Every structure is written in structure tokens, then in C-alpha cells.
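K.L.:
Residue numbers (numbering that gives the first Met the number 0): 0 to 260.
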Amino acid sequence: MPVSRHFVWAAIACVVSLIPPPHQQGRRLSYQPTDEPLRFSVENDYLMYFVRGSDTLGQPIHTQFVEHFLIERNDGVLHLKVEAPKPDGSGVHTTVFTIDPFGEVLFVDGRSAHEVPSPRIDVLPRFPKGAVEPRVGLSWTDSANVTREEAYGASYYRTKRAYSVLRVADSMRTRIVMIRGQGQVSLRHGGWDDSTAGTVWWQEVSGPIEDTVWFDAGSGQLLASVTNIDLVGVGGGGPPAATVTMPAGIRSRHRRVRSLT
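(1) Can you check DSSP and say which residues form a bridge with residue 85?
(2) At what residues does the beta strand (DSSP E) containing residue 159 begin and finish?
(3) According to DSSP, is residue 196 part of a helix, a strand, or is it coil?
(4) I need the straight-line Cα distance from residue 96 to residue 236, nearest angstrom please.
(5) Can you tell me whether residue 112 is helix, strand or coil according to DSSP?
(6) Identify every residue that forms a DSSP beta bridge with residue 32.
(7) Here's the rule I'm using: 16 or more other beta-carbon atoms within 10 Å means buried, otherwise exposed. How should residue 226 be labelled?
(8) Which class does residue 118 belong to by DSSP, given the choice of helix, strand or coil?
(9) Just verifying my parser: in three-state terms, what is the DSSP assignment at residue 202?
(10) Quick check: what's the CA-CA separation for residue 199 versus residue 168?
(11) Check residue 55 in the structure and name its three-state DSSP category.
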């Protein structure tokens, strides 16, 4: 079910009304350090599935949690620390992304982004280089292509998107920019099913991706984002050299909205 844009705009309006005016209102498309951690409410509907004969293997998963972002500047780059609950509920997991001011991920926990074939390198929407001023109709393209050989087989993450600014709302405090991104994703991922027995699982899927982003160009911070993907292809399991495949796919709707509570 698509997320109502009116709901997101209403949530953003409440947040913006309480945000102190930024120290410098550059009002451009670039990320800036935060004075304190930013709190986001996150909601994710996710289904990874395999089709074997008349059976569909996989269950829909719905999660809701709170995520914290802290951006610090050091040696000319930005360090984004993301804190979120561990999937098993045993505590908090922290990931540190080194990014440039336009959202491109350079390192993930000290590991080069060129070695991370994962959607994690899309932690933030990427903007055109040069800190451009947002205006309705502004458009740009963005792509990522990361391939790596893992112990269980090849992995890759490839995306190509076309972005455009749909709306710009100015106020005394800031400038809210609504951005739409549309494109394609190709993903090959997997893992150990039983490392002792040497069996693995994997998927090789592709399909459309659509992003809607709300960005505070005054403070240089993300306000909200909604990402939808619907990927289909093939998958399999067993020994790494196994050739038996089956239809497989991933469907996901991920929503992140800034909160002050």
C-alpha cells in the first residue's frame, strides 16, 4: 500500500515548525553535520521469497523501530553514525558511514564501499555534485555498481536512477525540497544455509525502484524518505556449484520519517 504524501507532508510540517533556525541557511542540496542525533521513525514491509512448485517459501515481515542519525565532519568528509535496534532485539547496532557532502558512501565501518555489494550504500539519497540550489524541474542521474566474490559465491548491487525535484516549499526557517527518484536495481546476494555442510542460499533478482525524498535544504538534513522495490528473478540453494534454480523475488516498502519525540 503506498504511503500517503499528505501524511508525510503533515508529519514534516510538524517537525519543521519546531526545528530551530540553522546556523547557516545555504539552502542547497548537500548534507551538513548535526548538532545532536536526529531521530527517525522507521517502518518496513519486506518479503523475500522463493517459489518451489506450487509452494511459495517466505513470509512477509513488518517492522517498526526508531533509528538515530548523527553526522560529524572530520578531515573534509562526513561521518554518519546510524544506530538501530538489532533484528533479534538483543541491543543496538551501530554502523558508521563515511560520506561526501552529496550522500555518496565512501566507507562502511572502515570498509571501502567498493567492497560492499549491498543496499547499505544507499543509506542516504545522493545529490548532484557541487551543492546546487534546488528548483522545481532540476534533474540528475545517479548509479552504483559494486561486485564482490564472497565465500558463498558472487554478490553484486547495481542501481541506476533518474531524480527530479517535484516541489520546493520556502519558509522563514528553511526550504523543504520534495524529490522523486525512479530507476532499476539488480541484486545478487546470499549467505550460508549451513556452513558446516557447505550449503548456501542465493538470489539473483532485478526490477524497479522508486524513491520519494523530503530534504531540509536549510539545515542540510533528511526529513523523510519512502522507497519501494519489486524485484524478481531466480534463486537457489545447496552446494555452491548447484545448478538447480527456482523463481524468486523481493518486495519492500521502507519509510523513514523524522520525529522529535
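In this text, a Cβ means the ideal position worked out from N, Cα and C, and glycines have one as well. Every value quoted in this text rests on a predicted model; they were computed, and no experiment measured them.
P.N.:
Answer, in terms of the structure:
(1) The residue labelled residue 85 in the question sits at position 86 within the sequence shown. Its beta-bridge partners do not exist; DSSP assigns none.
(2) Within the sequence shown, residue 159 is the residue found at index 160, counting from 1. Here the beta strand (DSSP E) through residue 159 covers 152 to 169.
(3) Walking along the sequence shown from the start, residue 196 turns up at place 197. In this structure, residue 196 counts as coil in the three-state DSSP scheme.
(4) For the purposes of this step, residue 96 is taken as the residue at position 97 of the sequence shown. For the purposes of this step, residue 236 is taken as the residue at position 237 of the sequence shown. Computed Cα separation, rounded: 32 Å.
(5) On the sequence shown, residue 112 is found 113 positions in, with the first residue counted as 1. DSSP places residue 112 in helix when its eight states are reduced to three.
(6) Working through the sequence shown from its first residue, we reach residue 32 at position 33. Its beta-bridge partners do not exist; DSSP assigns none.
(7) Locating residue 226 in the sequence shown gives position 227, counting from the first residue. So residue 226 counts as buried.
(8) Here residue 118 corresponds to residue number 119 of the sequence shown, with the count starting at 1. Residue 118 falls in the helix class under three-state DSSP.
(9) As a first step, residue 202 is located in the sequence shown; it is residue number 203 there, counting from the start. Correct three-state label for residue 202: strand.
(10) The residue given as residue 199 occupies position 200 in the sequence shown. The residue given as residue 168 occupies position 169 in the sequence shown. Distance between the alpha carbons of residue 199 and residue 168: 49 Å.
(11) Translated into the one-based positions of the sequence shown, residue 55 becomes position 56. Strand.
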